[in-house]
Ligand code: CU1
Ligand code: ZN
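In our numbering, the protein residues as written are 463 to 641.
Here it is as structure tokens:
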């Protein structure tokens with residue numbers, strides 16, 4: 463009988479260990495965005511990211527620990543929506559402009575890109591000119607659109623053709639003033 467109780471105890475302990483904080487591999491995706499320091503350059507266009515206003519984007523590809531950062535949500539979607547990249551994306555984040563500044567968006571204000579609402583073709587420009595304004599709520603996006611124009615879309619409806627950004631060939635800097 464003694465051996466059974468020991469076995470039972472061992473099973474209990476093992477069970478406890480597994481229900482602890484250790485995430486299983488499926489849930490072990492990264493949910494935190496690396497800080498974007500002043501040296502960080504856009505994966506799409508090479509610009510220094512923090513030097514320009516407007517919401518930024520960050521992408522994590524499957525099986526790659528390093529995150530890719532983008533000067534603007536516009537550049538992020540230009541990258542992310544390419545079919546060959548789309549398949550490899552594990553996570554993507556954008557700034558929530560409902561809680562942070564357009565001019566200097568904070569690292570702490572990133573939200574999952576999939577959950578965000580977007581205003582395309584507004585009059586406010588980001589690092590590369592026309593960009594997507596990203597928000598955690600549809601209402602915040604709608605309020606922005608009534609102030610700055612544009613079309614409100616959820617993540618699932620974004621395509622390379624309706625991003626409202628110009629096709630970037632080379633660098634279109636200096637277009638972010640005059641809003
Ligand atoms: Cu750029
Ligand atoms: Zn860029």
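We put the CB at the ideal spot given by N, CA and C, even for glycine.
Around the Cβ of residue i, are there at least 16 other Cβ atoms within 10 angstroms (buried) or fewer (exposed)?
| i | result |
| --- | --- |
| residue 517 | buried |
| residue 616 | exposed |
| residue 502 | buried |
| residue 622 | exposed |
| residue 625 | buried |
| residue 545 | exposed |
| residue 588 | buried |
| residue 608 | exposed |
| residue 619 | exposed |
| residue 524 | exposed |
Are the CB atoms of residue j and residue i within a distance shorter than 8 Å?
| i | j | result |
| --- | --- | --- |
| residue 604 | residue 614 | yes |
| residue 526 | residue 495 | no |
| residue 557 | residue 567 | yes |
| residue 508 | residue 593 | no |
| residue 606 | residue 584 | yes |
| residue 554 | residue 538 | yes |
| residue 515 | residue 569 | no |
| residue 541 | residue 520 | no |
| residue 511 | residue 497 | no |
| residue 582 | residue 571 | no |
Based on DSSP bridge pairs, tell me the residues matched to residue i.
| i | result |
| --- | --- |
| residue 595 | 581 |
| residue 616 | 579 |
| residue 588 | 591 |
| residue 611 | BP columns for residue 611 are empty, so no partner. |
| residue 555 | 520, 574 |
| residue 503 | 510 |
| residue 532 | 519 |
Margin query: For the pair the region 598 to 606 and the region 540 to 553, tell me if three or more CB-CB distances fall below 8 Å.
Written below: No, they do not touch.
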